[in-house]
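Q: Okay, here's the structure, questions in a sec.
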Amino acid sequence: MSLPIILLVLFALLLVALLAWALRPPARPVKQALDVFEALSRPRHCSRISHVMQALQPEDTEYLRETEQVAVMRTLRQQRRRIALNYLDQLREEFEELLEISRMLAVMSPQVTGMQELERWKLSMTFAANCAFLRWKLRLRLQTFSGFVLLSNMAADIARQLEMATARIAEAAVRGSEPPTPGNEILGGL
Amino acid sequence: MVEPLQLQAAAWALTTTLELALFVQLVRRTLARIYPLFFTYIVAVIFQSIAVAVLYRNIHLDKVTVWKVAWATQGLAVLMRSLALVELNRSVLSRYVGIWALASRFFLSVAGAVIAYALALSKGEWQWLILNGIRGLELAMAAVIVTMLIFARYYRVPINQLQRALAVGLCLYSSFYVINYSLLERIVQQYAVLWNFLGIFAFIASLLVWISAVNWYAESEEVALPPAISQELHGKLSAEVNSRLYLLNRQLIQLLHLKDRSQ
């Protein structure tokens with residue numbers, strides 16, 4: 000059997016596997032439409048980045064070494080690292096929530112751009128990789144500030160994109176005189 | 000011991016019975032109106048079963064004619080299945096205008112690429128072109144169904160049990176057809192009867208999935224979609240959207256003024 004035929008058979012088998020995967024129920028429950036706006040209006044964790052960064056600065060606890068309180072310094076740094084890890088989890092959750100919202104907005108929007116969707120997908124992949132990298136760096140007690148800023152910027156970027164998408168939907172909603180399209184019906188004829 | 004040909008004949012009889020049962024159920028549950036192309040596909044498949052049975056019983060016809068007519072009916076069935084698939088994809092995604100526009104381009108690209116690859120295997124030999132074309136079309140159908148399901152999963156588009164069953168049945172049959180045909184073509188010619196039987200078995204499995212879904216189909220499934228939101232919620236959403244619009248507009252004006260000042 001030639002290689003192209005083997006590839007064909009493997010592709011068919013892959014499709015069966017993907018079919019089984021695609022039919023699995025989603026891990027997270029589907030959000031209601033109101034949650035989108037509620038989630039968008041919530042304060043962002045990325046706005047607290049400066050505090051976390053400050054807490055991670057070695058200079059912030061260096062005075063304890065000078066006053067010969069090394070044990071206290073170590074405990075403090077450990078606690079702050081734990082807080083940073085917790086912050087990272089919150090940031091990831093927020094990012095996932097924003098992605099979820101962006102998907103919901105895509106469902107409600109009468110126009111979805113493939114490039115934007117692809118960009119968002121790439122962004123989510125990069126974010127996941129950076130998040131894992133940063134977590135390990137924190138655990139190994141390596142320098143992390145640049146990573147935090149990068150992740151924070153990514154989350155802010157997604158939030159900005161979402162605001163624009165919300166504005167577009169709202170704009171379409173305000174144009175009430177236009178004949179309703181099936182996409183507008185999703186919002187109950189907004 | 001049961002002869003393979005007897006087994007195959009029994010499988011054919013069972014297939015035709017199940018096809019007729021599905022036909023009756025689709026009419027009885029008025030689903031023929033909701034999925035007219037799928038219904039037409041089932042009619043085409045019943046027609047194919049009858050045509051092939053008549054052809055094989057007619058001993059006066061030469062083998063080439065029988066082969067050509069049999070493949071013509073197969074071509075018709077595949078064409079109708081493709082149309083049923085388009086109908087299914089439309090029924091799942093078309094109400095979400097933006098998603099549908101993006102997904103339909105995706106489907107065309109995926110289907111085009113798969114068919115082109117399958118046709119390229121013919122290497123310009125016309126006698127293989129039709130067979131490879133049908134194989135390519137089957138694989139493209141399976142690929143499009145999976146793409147549609149991934150889209151639906153990613154965007155959390157709801158799919159009712161019947162749509163799910165239609166997708167599973169169509170995809171499994173198409174995938175099995177490609178695997179069956181690809182292996183049969185190259186290495187297991189001597190087991191042709193067995194492989195033919197397995198092909199029928201795959202279709203029987205699809206038919207059972209469809210019959211079960213049609214039996215369990217409830218009209219309320221069609222209503223239970225997220226777009227259906229209450230009047231109160233609608234009012235809240237309207238107010239929220241409008242306030243965000245004004246807010247964003249104000250921010251935009253502020254940004255514009257900021258830019259003016261900086262210039």
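Respectively, the protein sequence lines represent chains A and B. Taking numbering that gives the first Met the number 0, the leading residue of the first sequence gets 0, the next gets one more, and so forth. Taking numbering that gives the first Met the number 0, the leading residue of the second sequence gets 0, the next gets one more, and so forth. Virtual Cβ for every residue (Gly too), placed ideally from N, Cα, C.
Can you tell me which of Phe200/B, Met147/B, Val85/B puts its alpha carbon nearest to the alpha carbon of tyrosine 40/B?
A: Locating residue 40/B in the second sequence gives position 41, where the first residue counts as 1. Among Phe200/B, Met147/B, Val85/B, the Cα nearest to that of tyrosine 40/B is on Val85/B.
Q: Quick one: which chain B residues come within Cβ less than 7 Å of alanine 105/A?
A: Here residue 105/A refers to the residue found at position 106 when the first sequence is read from its first residue. Gly97, Ile98, Tyr154, listed in chain order.
Q: Does the distance from the C-beta atom of leucine 92/B to that of alanine 102/B stay below 9 Å?
A: To locate residue 92/B, count along the second sequence from 1; it is residue 93. To locate residue 102/B, count along the second sequence from 1; it is residue 103. Contact flag set, yes.
Q: So, is the C-beta of phenylalanine 126/A closer than 9 Å to a C-beta in chain B?
A: As a working mapping, residue 126/A is identified with position 127 in the first sequence. Not an interface residue.
Q: Would you kindly work out how many angstroms separate the C-alpha atoms of alanine 9/B and phenylalanine 196/B, rounded to a whole number?
A: Position 10 of the second sequence, counted from the start, is the residue given in the question as residue 9/B. Position 197 of the second sequence, counted from the start, is the residue given in the question as residue 196/B. Those two C-alpha atoms are separated by around 10 Å.
Q: Report the rounded CA-to-CA distance for tryptophan 70/B versus valine 177/B, giving the unit in angstroms.
A: The sequence position of residue 70/B within the second sequence is 71, counting from 1. The sequence position of residue 177/B within the second sequence is 178, counting from 1. Near 16 Å, if we compare the C-alpha coordinates of valine 177/B and tryptophan 70/B.
Q: May I ask which residues mark the beginning and end of the alpha helix (DSSP H) holding isoleucine 58/B?
A: One-based indexing of the second sequence puts residue 58/B at position 59. Per DSSP, isoleucine 58/B belongs to no alpha helix (DSSP H) and is neither H nor E.
Q: Going along the chain, which residues of the region 73-94 of chain B sit with their C-beta nearer than 9 Å to a C-beta in chain A?
A: Per Cβ criterion, the list reads Ser93, Arg94.
Q: Let me check understanding here. Comparing Cα to Cα, which of Ala201/B, Met79/B, Ser48/B, Arg80/B lies closest to valine 68/B?
A: One-based indexing of the second sequence puts residue 68/B at position 69. The residue with the shortest Cα to Cα distance from valine 68/B is Ser48/B.
Q: Does the structure place the region 125-132 of chain B close enough to the region 47-65 of chain B that three or more beta carbon pairs sit under 8 Å?
A: Result no; under three Cβ-Cβ pairs closer than 8 Å.
Q: With distances taken between CB atoms, is the gap from glycine 135/B to valine 156/B smaller than 9 Å?
A: The residue given as residue 135/B occupies position 136 in the second sequence. The residue given as residue 156/B occupies position 157 in the second sequence. Not in contact: glycine 135/B and valine 156/B (Cβ atoms no closer than 9 Å).
Q: Taking Cβ-Cβ distances shorter than 7 Å, what residues in chain A pair up with serine 174/B?
A: What you label residue 174/B is simply residue 175 of the second sequence in a count that begins at 1. What serine 174/B touches in chain A: Ala11, Leu14, Val15.
Q: Examine chain A for any beta-carbon lying closer than 9 Å to the beta-carbon of tyrosine 116/B, and answer yes or no.
A: Along the second sequence, one-based indexing puts residue 116/B at 117. It does: the Cβ of tyrosine 116/B has a partner Cβ on chain A nearer than 9 Å.
Q: Can a CB atom of chain B be found closer than 9 Å to the CB of valine 69/A?
A: Counting from one through the first sequence, the residue named residue 69/A turns up at place 70. Output row for valine 69/A: interface = no.
Q: Helix, strand or coil for leucine 120/B, going by three-state DSSP, please let me know.
A: What you label residue 120/B is simply residue 121 of the second sequence in a count that begins at 1. It is coil, neither helix nor strand.
Q: Between the alpha carbons of leucine 137/A and glutamine 78/A, how many angstroms are there, rounded?
A: As a first step, residue 137/A must be located in the first sequence, where it is residue number 138. As a first step, residue 78/A must be located in the first sequence, where it is residue number 79. If I take the Cα positions, the gap works out to 12 Å.
Q: Short check: CB of glutamine 24/B to CB of valine 208/B, under 9 Å?
A: Here residue 24/B refers to the residue found at position 25 of the second sequence. Here residue 208/B refers to the residue found at position 209 of the second sequence. Taking 9 Å as the Cβ cut-off, glutamine 24/B and valine 208/B do not qualify as a contacting pair.
Q: Does any residue of chain A bring its CB to less than 9 Å from the CB of valine 42/B?
A: For the purposes of this step, residue 42/B is identified with residue 43 of the second sequence, where counting begins at 1. It does not; no Cβ of chain A falls within 9 Å.
Q: Mind reading off the beta-carbon distance from leucine 148/B to alanine 164/B? Whole number of angstroms is fine, and I expect it under 8 Å.
A: Position 149 of the second sequence, counted from the first residue, corresponds to residue 148/B. Position 165 of the second sequence, counted from the first residue, corresponds to residue 164/B. Their Cβ separation, rounded to whole angstroms, is 12 Å, which puts leucine 148/B and alanine 164/B out of contact at 8 Å.
Q: Is there a Cβ of chain A sitting closer than 9 Å to that of leucine 148/B, yes or no?
A: Here residue 148/B refers to the residue found at position 149 of the second sequence. Closer than 9 Å: yes.
Q: So, leucine 18/A versus isoleucine 210/B, is the Cβ gap smaller than 9 Å?
A: Taking the first sequence and counting its residues from 1, one reaches residue 18/A at position 19. Taking the second sequence and counting its residues from 1, one reaches residue 210/B at position 211. Not in contact: leucine 18/A and isoleucine 210/B (Cβ atoms no closer than 9 Å).
Q: For tyrosine 176/B, does the three-state DSSP call read helix, strand or coil?
A: For this step, residue 176/B is matched to residue 177 along the second sequence. Helix at tyrosine 176/B.
Q: Distance check for arginine 81/A and alanine 141/B, CA to CA, integer angstroms please.
A: Working through the second sequence from its first residue, we reach residue 141/B at position 142. Working through the first sequence from its first residue, we reach residue 81/A at position 82. Distance between the alpha carbons of alanine 141/B and arginine 81/A: 48 Å.
Q: Assign isoleucine 98/B to one of three DSSP states: helix, strand, or coil.
A: Position 99 of the second sequence, counted from the first residue, corresponds to residue 98/B. Three-state result, isoleucine 98/B: helix.
Q: May I have the straight-line CA-CA distance separating alanine 110/B from alanine 139/B, to the nearest angstrom?
A: Residue numbering aside, residue 110/B sits at position 111 when the second sequence is read from its first letter. Residue numbering aside, residue 139/B sits at position 140 when the second sequence is read from its first letter. Those two C-alpha atoms are separated by around 5 Å.
Q: How long is the line joining the alpha carbons of leucine 14/A and proline 25/A, rounded to whole angstroms?
A: In the first sequence, the residue the question calls residue 14/A occupies position 15. In the first sequence, the residue the question calls residue 25/A occupies position 26. Each residue's Cα considered, the two are about 19 Å apart.
Q: Can you tell me the Cα-Cα spacing of cysteine 130/A and tyrosine 153/B, whole angstroms?
A: Locating residue 130/A in the first sequence gives position 131, where the first residue counts as 1. Locating residue 153/B in the second sequence gives position 154, where the first residue counts as 1. Cysteine 130/A and tyrosine 153/B: Cα-Cα distance of roughly 21 Å.
Q: Kindly indicate which three-state DSSP category tyrosine 216/B falls into: helix, strand or coil?
A: On the second sequence, position 217 is the one that residue 216/B refers to. If DSSP states are grouped into helix, strand and coil, tyrosine 216/B belongs with coil.
Q: Under 9 Å, do tyrosine 216/B and arginine 28/B count as touching if we go by C-beta distance?
A: Residue mapping note: residue 216/B aligns to position 217 of the second sequence, counting from 1. Residue mapping note: residue 28/B aligns to position 29 of the second sequence, counting from 1. It is a contact, given that the beta carbons lie within the stated cut-off.
Q: Figure out for me which residue from Ala119/B, Phe22/B, Leu120/B, Leu87/B has the closest Cα to the Cα of asparagine 159/B.
A: Start at 1 with the first residue of the second sequence, and residue 159/B comes out as number 160. It is Leu87/B whose Cα lies nearest to the Cα of asparagine 159/B.
Q: Quick one: using the 10 Å Cβ neighbour count with 16 as the cut-off for buried, is arginine 102/A buried or exposed?
A: Counting from 1 along the first sequence, the entry for residue 102/A is found at position 103. Per the 10 Å Cβ criterion, buried.
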